[in-house]
Structures are given as structure tokens and as C-alpha cells.
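*Asks:* In my numbering, the protein residues as written are 2 to 511. Glycine included, each C-beta is placed from N, C-alpha and C at the ideal position. Handing you this structure, nothing more for now.
In C-alpha cells form, the structure reads like this:
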């Protein structure tokens, strides 16, 4: 990289003065915290990694270390403060676990904090580079996959035998001169970057190396970039925490978890042990809000010829059949594609596991429908965002008695679903929220002319019901499937391979 004439470090123009038109062939280099992101603190993102990989004890360790990091950062050395955060968060963690959280959890939180002025300039340039003191392993998946960054230069953590040591590789934390040196190495065979964006004094060394430099003023009250303006929507994300864990929120979470777990056990016991007609009222007494909309169909009655129906539900959590039954005041058996053994044990409903063998599953569902009402979630997996995944069309071939049900929920602290963790804890995390909410909306039964017997194909029926539920929830229909979700979040297709069973006369090891 040829050395340009240095910009004076004492003053850089405000980013509002930077034009974003005609930049398609130019290169931009931006800092991350306080520049590309509104927030100047990286603690919440370290806290997310700490909790999702190490649990509550690792989060507590990081929170206790944060005052030391803050003192070092503000009064001694920015680099020393970041080193403390990296050590407290990463020491002993598997590198693969850190990468998994960076891919599946962090993008959702990063995307909600994009600075609008920085994004205006950053997105207008043809080549985009991010230069940050944050560990590259944390930020690279989001920056490259969702913001279209061509190059990410971050601090490199030290790894020994697949586990992080809590230390960093040379040249150390990328702040000040280290950041400028990293930029020179990255662009040694390329032209000088056109635009530099930073927010603090330690960004000046690298900003002086670029043709134009702009500073992003501290404005915490500025509205973040809306998610619909991102190059790629975030349909799937994982992790248990709903809110960004600032130090205060991390403390509240740590203090609440023991209380919340006891409350969750009480709520689970109420749903599992009490008669279904009174569960609705007990849930309300325990702080669980259940809102029922629409007109549910009457229960099957052989004497009047009222047959059972198949409830077609959108899938938000594993508790969808429980809250459907709560809304109806009677237990409704359900078929599911994946179910933990613990969830199966504590469920007050009859849950039947599907095998993903089309012929076998069709036979199972037909037998259950002959006995009465049945619930199914044809998406095959949950989705947290306002999207509906593709509906499997199998259900439409088996009956014409179809009642769409739009399920929606709200949680304030913990998500009740996971792709990477143990699904057996999903009901407990949902009920650990102080006052979780479920909305059950019964839509009109599908008219005969829109069923397979009325001349429609099974795919037409499935797509129509998907659009019907999406419209009632103001969600967007997608063609994504279970495999798409698990490949994005867990690096597999979500299929659980059952262990082969030994024949009765076969002895292990013989």
C-alpha cells in the first residue's frame, strides 16, 4: 500500500458530510464498536458467548471481571481492558463452540445495532473492509454473511488443541498503532483505501492512512438501521437470551435464573398434572397469559356425526400443542417430528413421533384421526422471526377436516427453542420468563372446495393454509425448510439418527 498524504489527526469531518453516491468502485475501511455499531461497548457480545457456551457461571465470571476491564480500558490501556474481557469469556472454550455461537446467535444482536449513517456510507462502497479490536472469530460470520464485507481484520485469539487459552496472538489487540499496522499489511499489494470510518482517538492512526476520513459522533439515541434494509434477512437465529445482555441485564438474568427455574417447574407441573379444563385459569394465576381469538370447533361427537378435525398450527415452540389444548379446554393429541425424551415424559398430551417416512407417517396420522381431533405443525421445526417455513403437504392428503390455527408468543428474557442446545430444556426456558404470552387464533375451517377432495392438489392446500395463517399474523411466507434452518444454525440437517437396536440374543462386544 502506497503511503498517502496523512490527514491531520486532530480533526476529521463528521460522517454526515460524507457523500454516498458514486462510491461503487471505492474501498471503505470501518471500525466496528461505536462506528459500524451504535454501541461503543462490546461487553454484551462477549456476554452472549459466555452464556451460550459456558452457561450462567461463565456469565457470572465475566460480569465479575468487567469492572477490572472497565478500569483498565478507561484509565490505563484500551488494549488491557479488552484482554481481560477476552480471557474471562474464552478461556477453556472449544473453538468450534465459539464459531457456532458467532454463526447462530450473534448476527441477530449485531444486526439490531447498526448505525444508520455508517451503514449508508459502508453499503455504498464496492469493497468493504472492517478493522476491529474484537476477535475475528466473533464478528466475521455476521460481517461477511449479512453485511457483505469483503475483508474482516480482527484480533486473533490463541487456541491450543482446539480450545481457547484466553490469550491473543501477536501483534495483540488491534487498537491504535496495531490497527494501523494491520491495515498496511492487509493492503500492501493494493491501492490505498478510499474512506476510513472511526469513532475514537485510537482509530486515528489507521484513519490517517486513507484518502478520506470521517468520524462517527457518539449518539446513543440514534435509531438503528431497520432489518428490512439489510442485504440478507435474518430468518433463523439461536441462543436462549432475548435481550442484549448489558452489564445490568446480565446481572438481572443471573439473579432471576434460580427464581425463574423454580417458577418454571411449578408452571410445568400445573400444565402436566392438572385437568386441562382448569389449566387456562391456573396459567393466568401463575403469570402465563393465554389469549384466544376466533371460534374453535366443537369437540367430536359420534351421536351427532361431529367428526374430529386436524388442527394445522404454525410452529413457534414445542409447547404449541399444550397451548392449543389449553385454549380448547381439552387435550388434543399431536404428532411431531422431533421430541426430547424429557418433553415426552412431562407432556400431559399424547405425543406421537413421526419418522419422516411418508408412507409410515400417513398411516400413523390416519389412525389417530379416526379416534378424534389431532394437531400437527407442518413446518416441521420452529421459527422465531415473523416468517412461516414451507408447509409439508402430507396432511392435506389425509383429511378434508382442516382447521388452521395461528400460534404466536412473546418472551421477555429467554427463548423457548434451540437448534444447538438440549431441547429437553425448551419448556423450562419458556416458562422461566416472568410473564410469557401465547396467542392462539382459530381461523375458519377450510371449505370443501379448497381441499383435495374438492379438486385441489395437496401442495395447493398446504400453500393456501400457509398464506392464510401468515396473513392473520402479518408474517411472511418462505420456502425454507427444517434442513435450511439446521444447516444455518447447527451445521447439520437436523436429522437425529437413532441408535441401532441389538437383537435379543446379541450380547454387546460379541
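Assuming residue 255 and residue 69 are in contact, meaning their beta carbons sit under 8 angstroms apart, how far apart are those beta carbons, in whole angstroms?
*Replies:* Contact flag wrong, Cβ pair sits at about 18 angstroms.
*Asks:* Can you look up residue 498 in the DSSP assignment and give me helix, strand or coil?
*Replies:* The pLDDT assigned to residue 498 is 47, lower than 50, so where the model puts this residue is not dependable; a value taken from the coordinates is nonetheless given after this. Of the three classes helix, strand and coil, the one that applies to residue 498 here is coil, per DSSP.
*Asks:* Rounded to whole angstroms, what is the Cα-Cα separation between residue 73 and residue 81?
*Replies:* Cα to Cα, residue 73 sits roughly 6 angstroms from residue 81.
*Asks:* From what residue to what residue does the alpha helix (DSSP H) around residue 462 run?
*Replies:* 459–474
*Asks:* In its own chain, which residues sit with a C-beta less than 6 angstroms from the C-beta of residue 502, not counting the 5 before and 5 after it?
*Replies:* Annotation note: pLDDT 41 at residue 502 (below 50); position unreliable, coordinate value reported separately. So no residue of the chain qualifies.
*Asks:* In its own chain, which residues sit with a C-beta less than 7 angstroms from the C-beta of residue 119, not counting the 5 before and 5 after it?
*Replies:* 16, 31, 36, 37, 198, 217
*Asks:* In its own chain, which residues sit with a C-beta less than 7 angstroms from the C-beta of residue 33, not counting the 5 before and 5 after it?
*Replies:* 131, 133, 135, 140
*Asks:* For residue 338, which residues in the same chain have their Cβ closer than 6 angstroms to its Cβ, ignoring the five residues on either side in sequence?
*Replies:* Take residue 338, set aside five residues on each side of it, and the residues of its chain with a beta-carbon closer than 6 angstroms to its own are 355, 381, in chain order.
*Asks:* Secondary structure at residue 215, three-state DSSP: helix, strand or coil?
*Replies:* The answer is strand: DSSP assigns residue 215 an E or B state.
*Asks:* How about the region 402–410 and the region 258–275: do they share at least three Cβ pairs that are nearer than 8 angstroms?
*Replies:* Taking 8 angstroms as the limit for Cβ pairs, the verdict is that the region 258–275 does not touch the region 402–410.
*Asks:* Over the uninterrupted beta strand (DSSP E) stretch that includes residue 135, give me the two end residues.
*Replies:* DSSP places residue 135 in the uninterrupted beta strand (DSSP E) bounded by 128–136.
*Asks:* In three-state terms, what does DSSP make of residue 235?
*Replies:* coil
*Asks:* Find the nearest neighbour of residue 393 within the set 210, 345, 480, 332, judged by alpha-carbon distance.
*Replies:* 480
*Asks:* Going by DSSP, which residues form a beta bridge with residue 438?
*Replies:* 290, 411
*Asks:* With a CB to CB cut of under 6 angstroms and the five nearest residues on each side skipped, what residues in its chain are close to residue 237?
*Replies:* 486, 489, 490
*Asks:* From residue 7 to residue 109, what does the alpha carbon distance come to, in whole angstroms?
*Replies:* Bear in mind that a pLDDT of 49 at residue 7, under 50, signals an unreliable position, so the number given afterwards is only what the model happens to contain. Taking the straight line from one Cα to the other gives about 37 angstroms.
*Asks:* Would you list the one or two residues that DSSP bridges to residue 95?
*Replies:* For residue 95, which the question treats as bridged, DSSP gives the partners 164.
*Asks:* I need the DSSP call for residue 302, collapsed to helix, strand or coil.
*Replies:* Looking at residue 302 - three-state DSSP - the assignment turns out to be strand.
*Asks:* Do you know how far the Cα of residue 145 is from the Cα of residue 213?
*Replies:* Whole-angstrom Cα-Cα distance: 24 angstroms.
*Asks:* Helix or strand or just coil, what does DSSP make of residue 20?
*Replies:* coil
*Asks:* Here's the rule I'm using: 16 or more other beta-carbon atoms within 10 Å means buried, otherwise exposed. How should residue 410 be labelled?
*Replies:* buried
*Asks:* In whole angstroms, what separates the C-alpha of residue 164 from that of residue 157?
*Replies:* 13 angstroms
*Asks:* If we count the other Cβ atoms within 10 Å of its Cβ and call it buried at 16 or more, is residue 467 buried or exposed?
*Replies:* Looking at its Cβ environment, which holds 16 or more other Cβ atoms inside 10 Å, residue 467 is buried.
*Asks:* Does DSSP put residue 353 in a helix, a strand or coil?
*Replies:* strand
*Asks:* Which two residues bound the contiguous beta strand (DSSP E) that contains residue 337?
*Replies:* 335–337
*Asks:* In or out: residue 220 buried (at least 16 other Cβ within 10 Å) or exposed?
*Replies:* exposed
*Asks:* May I ask you to report which of helix, strand or coil DSSP gives residue 159?
*Replies:* strand
*Asks:* Excluding the 5 residues preceding and the 5 following residue 1 in the sequence, name in chain order all residues of the same chain whose CB lies nearer than 6 angstroms to its CB.
*Replies:* The structure shown has nothing for residue 1, since the chain only spans 2 to 511.
*Asks:* List the whole-angstrom C-beta distance separating residue 349 from residue 277, where the pair is believed to meet the contact cut-off of C-beta under 8 angstroms.
*Replies:* 7 angstroms
*Asks:* By the three-class DSSP mapping on this structure, what secondary structure does residue 15 have?
*Replies:* strand
*Asks:* Given a threshold of 16 other Cβ atoms within 10 Å of its Cβ, counted over all protein chains shown, does residue 299 qualify as buried or as exposed?
*Replies:* exposed
*Asks:* Output needed for residue 28: all residues of its chain with C-beta closer than 6 angstroms, excluding positions within five of it in sequence on either side, in chain order.
*Replies:* 128, 194, 195
*Asks:* Would you kindly report the start and end of the unbroken beta strand (DSSP E) that includes residue 197?
*Replies:* 196–199
*Asks:* DSSP on residue 512, reduced to helix/strand/coil?
*Replies:* Here the chain comprises residues numbered 2 to 511, so residue 512 is not present and cannot be evaluated.
*Asks:* Have a look at residue 417 and residue 433 and give me their C-alpha separation to the nearest angstrom.
*Replies:* Spanning the two alpha carbons is a distance of roughly 9 angstroms.
*Asks:* Between residue 44 and residue 248, how many whole angstroms is the CB-CB distance? I'm expecting something under 8 angstroms.
*Replies:* 6 angstroms
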